[in-house]
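Asks: The sequence shown maps to residues 29 to 419 in the numbering used here.
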Amino acid sequence: MLWSSFAGERRVVSCVQWVPNRRGVVAVAVTDPAGHQERLARAGRLSDAYVLIWNFRDPIHPECVLECPYEVFSFQFNPVNPDIIAGGCYNGQASARTCGAPGPPRPSRKLAVVVWDLTEEHDRIARRRTTAPRSGSGAGGGAGAEDGGAGGGAAGDTPAVRHRRASAGSAGFMSAVEASHSAPISDLQWLPGIEVDRAGRAFPVRAGSAGTSHQSLARSGTLGAAAIAALQAGSPVPRECCFCATLAADGRVMLWDTRVEKLLKRGGRRVDEAEVAWKPMHVVHLLNMHGVDFAGARLCFDFHDLVAGGFLAASHDGQILGGTFVKALGDNPEYSRYCHAPHAGPIVALARSPFIDGLVASVGDWCFKLWLGDAQTPLFSSPFAEEVYTA
Numbered sequence: 029m030l031w032s033s034f035a036g037e038r039r040v041v042s043c044v045q046w047v048p049n050r051r052g053v054v055a056v057a058v059t060d061p062a063g064h065q066e067r068l069a070r071a072g073r074l075s076d077a078y079v080l081i082w083n084f085r086d087p088i089h090p091e092c093v094l095e096c097p098y099e100v101f102s103f104q105f106n107p108v109n110p111d112i113i114a115g116g117c118y119n120g121q122a123s124a125r126t127c128g129a130p131g132p133p134r135p136s137r138k139l140a141v142v143v144w145d146l147t148e149e150h151d152r153i154a155r156r157r158t159t160a161p162r163s164g165s166g167a168g169g170g171a172g173a174e175d176g177g178a179g180g181g182a183a184g185d186t187p188a189v190r191h192r193r194a195s196a197g198s199a200g201f202m203s204a205v206e207a208s209h210s211a212p213i214s215d216l217q218w219l220p221g222i223e224v225d226r227a228g229r230a231f232p233v234r235a236g237s238a239g240t241s242h243q244s245l246a247r248s249g250t251l252g253a254a255a256i257a258a259l260q261a262g263s264p265v266p267r268e269c270c271f272c273a274t275l276a277a278d279g280r281v282m283l284w285d286t287r288v289e290k291l292l293k294r295g296g297r298r299v300d301e302a303e304v305a306w307k308p309m310h311v312v313h314l315l316n317m318h319g320v321d322f323a324g325a326r327l328c329f330d331f332h333d334l335v336a337g338g339f340l341a342a343s344h345d346g347q348i349l350g351g352t353f354v355k356a357l358g359d360n361p362e363y364s365r366y367c368h369a370p371h372a373g374p375i376v377a378l379a380r381s382p383f384i385d386g387l388v389a390s391v392g393d394w395c396f397k398l399w400l401g402d403a404q405t406p407l408f409s410s411p412f413a414e415e416v417y418t419a
C-alpha cells in the first residue's frame, strides 16, 4: 500500500489493527524509524504523525487519516464502541481527544495516550468510499473540509480527523506532565465492563449503561470473543468500555478513564479546561526480578475476570511478570506476584487464548512458549527458528 503524501524511505508501520465490523479494512500507524540519539537531537520540534485507515478496495488512497501530534506506536479499537480508538504515543504525557472539535492543537513536549472518536465521521468516510477511484486512477474523491473540524480541503482530499485541544462540547483533553509516563508507550489495552477508582478497586460498570449486542461483540476481535465466552459461562456481557491501560518501559501501568468530559463539570457547572488536570485513575509500579523498574513491552489481561485485577506483562529483556492492579493495604503496596525470564531477548507478543481458559502464548527471540495459569514452567516450547520473531 502506498499513498503519495506519506511515501518515503523514512516511514515504517509500527502497528496494524483490523477495523472491527468492516471486512477488508485495516488501520496502520505510520512512524519514523529514527534512533534514540536522532530523536534527542530534534526534541521539541513538532512533526507529522498519522494513523491511516485503508480499504483493500483502494490500496492507493487511505480511507481516513487520524492525525496526532506525536508518533503512535500502539493503538486499539474500543471493543464495545469501535468508533473510539485509543493510541499510545512515543513520549509520556497523556491525552484524550474527540475528533473534529474546533480550535488549534495545544503544543506539548510529551504525549502518551490519544483518543479519536469517529462517531461523527461516518458520512464523510462513506462519501469518500463512494467517490474513491480504483487502484491506479487519479486522486481519491471524498468530502471536503466541513464544519465540525474534519480535515481536508477541496473535493478529492482524504478525510482527516484532527487531534484538537479540548473546548466546549469536546471530550478531548491532555494530561498533566507530572502524571504521565516517562518512556514511550509500548502497549495499550482496553478494559471492557469495569471501572477502577483511585484506590485501585475494580468493580463492574454501574447500572444504566447501554447494552451490547452479541453480534457486535462477535466482530470485535479477541476482546469480543472473551466477552462472548463470559456470556456463555453465565457472566454479564460488558455493557461499557471506558477504561484503558497503558504500559511503558518506565515500569508503570496506568489506568485511564476516557470519559474526560465529566472532568469539565464540577458541582453541576462547567469549568474552564485550564482548571482541570486529567490524570490516570490509578498507577501501578512494577519491579522486575532484580528489583529495578520493569521495562514493560507487552500487556495481557484476563478478560473473563477483570474485576480480580490480575494481568501479565512482558519486558524488553525477556521477563514475564504476573501482577495485579488492585491496591493492597499498606503504605508500600506490592503489585508484582512473580517474575521470571523465559526468553533471551525482547518479548514481542503476549496473548491469552480466547478459547482455552488460562492458556497464554509468549513470543520472543527465536521461539514461542505456551503457559497455563501462573505456572513458571512452559507447557510447550517451540524449536528455535532460523530468524528472530518480530510478532
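Cβ atoms here follow ideal geometry from the backbone N, Cα and C, with glycine treated the same way. Values in this document were obtained by computation on a predicted structure and should not be read as measured data.
1) DSSP state of residue 374, grouped into three classes?
2) What is the rounded straight-line gap between the Cα of residue 348 and the Cα of residue 395?
3) Check residue 332 in the structure and name its three-state DSSP category.
4) Terminal residues of the continuous alpha helix (DSSP H) containing residue 65?
5) From the DSSP output, read off the bridge partner residues of residue 275.
6) Quick check on DSSP: helix, strand or coil for residue 268?
7) Thinking just about the alpha-carbon of each residue, which of 372, 366, 388 is nearest to the one in residue 344?
8) For residue 45, report the span of its beta strand (DSSP E) as first-last.
9) Would you call the segment 59-71 and the segment 85-96 in contact, with 3 or more CB pairs under 8 angstroms?
10) Quick one: what's residue 83 bridged to in DSSP?
11) Would you mind reading off the limits of the beta strand (DSSP E) that contains residue 310?
12) Counting Cβ pairs, one atom from each stretch, are 3 or more of them under 8 angstroms apart for the segment 91-105 and the segment 39-55?
13) Using the beta-carbon count (16 or more within 10 Å), is residue 356 buried or exposed?
14) Span of the beta strand (DSSP E) holding residue 368?
15) Below 8 angstroms on the Cβ atoms is my guess for residue 275 versus residue 353; work out the distance and round it to an integer in Å.
16) Suppose the cutoff is 7 angstroms on Cβ atoms and the five residues either side in sequence are ignored; what does the same chain contact list for residue 335 look like?
17) Evaluate residue 404 with the Cβ neighbour count: other Cβ atoms within 10 Å of its Cβ, from every protein chain shown; 16 or more gives buried, anything less gives exposed.
18) Using a 10 Å radius around the Cβ and a threshold of 16 neighbouring Cβ atoms, would you call residue 360 buried or exposed?
19) Could you spell out the range, first to last residue, of the beta strand (DSSP E) harbouring residue 397?
20) Quick check: the Cα distance between residue 367 and residue 84, rounded to an integer number of angstroms?
21) Could you check if residue 384 is buried or exposed, using at least 16 other CB atoms within 10 Å of its CB as the buried criterion?
22) Is the Cβ-Cβ distance between residue 351 and residue 400 less than 8 angstroms?
23) Bridge partners for residue 342 per DSSP, in chain order?
24) What is the DSSP secondary structure of residue 288, counted as helix, strand or coil?
25) So what's residue 418 in DSSP terms, helix, strand or just coil?
26) Excluding sequence positions up to five away, which residues of its chain have a Cβ less than 7 angstroms from the Cβ of residue 111?
Replies: Per the coordinate set shown:
1) Within the sequence shown, the letter at position 346 stands for residue 374. Residue 374 falls in the coil class under three-state DSSP.
2) Sequence index remark: in the sequence shown, residue 348 carries index 320 (1-based). Sequence index remark: in the sequence shown, residue 395 carries index 367 (1-based). Answer to the nearest angstrom: the Cα atoms are 15 angstroms apart.
3) Taking the sequence shown and counting its residues from 1, the one referred to as residue 332 is at position 304. Coil at residue 332, not helix or strand.
4) As a working note, residue 65 is residue 37 in the sequence shown. It spans 64-69 - the alpha helix (DSSP H) in which residue 65 sits, taken as one unbroken run.
5) On the sequence shown, position 247 is the one that residue 275 refers to. According to DSSP, which records beta bridges pairwise, residue 275 is partnered with 215, 281.
6) Here residue 268 is taken as the residue at index 240 of the sequence shown, counted from 1. Residue state, collapsed to three classes: coil.
7) For the purposes of this step, residue 344 is identified with residue 316 of the sequence shown, where counting begins at 1. Among 372, 366, 388, the Cα nearest to that of residue 344 is on 372.
8) For the purposes of this step, residue 45 is taken as residue 17 along the sequence shown, with counting starting at 1. Residues 40-46.
9) no
10) Looking up residue 83 in the sequence shown gives position 55. Looking at the DSSP assignment, residue 83 forms a beta bridge with 53.
11) Within the sequence shown, numbered from 1, the residue matching residue 310 stands at position 282. Run containing residue 310: 310-313, per the beta strand (DSSP E) assignment.
12) yes
13) Residue 356 sits at position 328 when you count from the first residue of the sequence shown. So residue 356 ends up on the exposed side.
14) Position 340 of the sequence shown, counted from the first residue, corresponds to residue 368. Looking at the DSSP string, the run of the beta strand (DSSP E) that includes residue 368 is 364-368.
15) On the sequence shown, residue 275 is found 247 positions in, with the first residue counted as 1. On the sequence shown, residue 353 is found 325 positions in, with the first residue counted as 1. 11 angstroms between Cβ atoms; not a contact.
16) For the purposes of this step, residue 335 is taken as the residue at position 307 of the sequence shown. The residues are 222, 230, 231, 232.
17) Residue 404 sits at position 376 when you count from the first residue of the sequence shown. Under this definition residue 404 is an exposed residue.
18) Here residue 360 refers to the residue found at position 332 of the sequence shown. Per the 10 Å Cβ criterion, exposed.
19) Position 369 of the sequence shown, counting from 1, holds the residue named residue 397. From DSSP, the beta strand (DSSP E) with residue 397 extends over 395-400.
20) Residue numbering aside, residue 367 sits at position 339 when the sequence shown is read from its first letter. Residue numbering aside, residue 84 sits at position 56 when the sequence shown is read from its first letter. Approximately 42 angstroms between the Cα atoms of the pair.
21) Position 356 of the sequence shown holds residue 384. By the neighbour-count rule (16 or more Cβ atoms within 10 Å), residue 384 is not buried but exposed.
22) Numbered from its first residue, the sequence shown carries residue 351 at position 323. Numbered from its first residue, the sequence shown carries residue 400 at position 372. Their beta carbons are not under 8 angstroms apart, which means residue 351 does not touch residue 400 by this criterion.
23) Counting from 1 along the sequence shown, the entry for residue 342 is found at position 314. According to DSSP, which records beta bridges pairwise, residue 342 is partnered with 326, 348.
24) Here residue 288 corresponds to residue number 260 of the sequence shown, with the count starting at 1. Of the three classes helix, strand and coil, the one that applies to residue 288 here is helix, per DSSP.
25) In the sequence shown, counting from the first residue as 1, residue 418 sits at position 390. Note: residue 418 maps to coil in three-state DSSP.
26) The residue given as residue 111 occupies position 83 in the sequence shown. The residues are 145, 146, 147.
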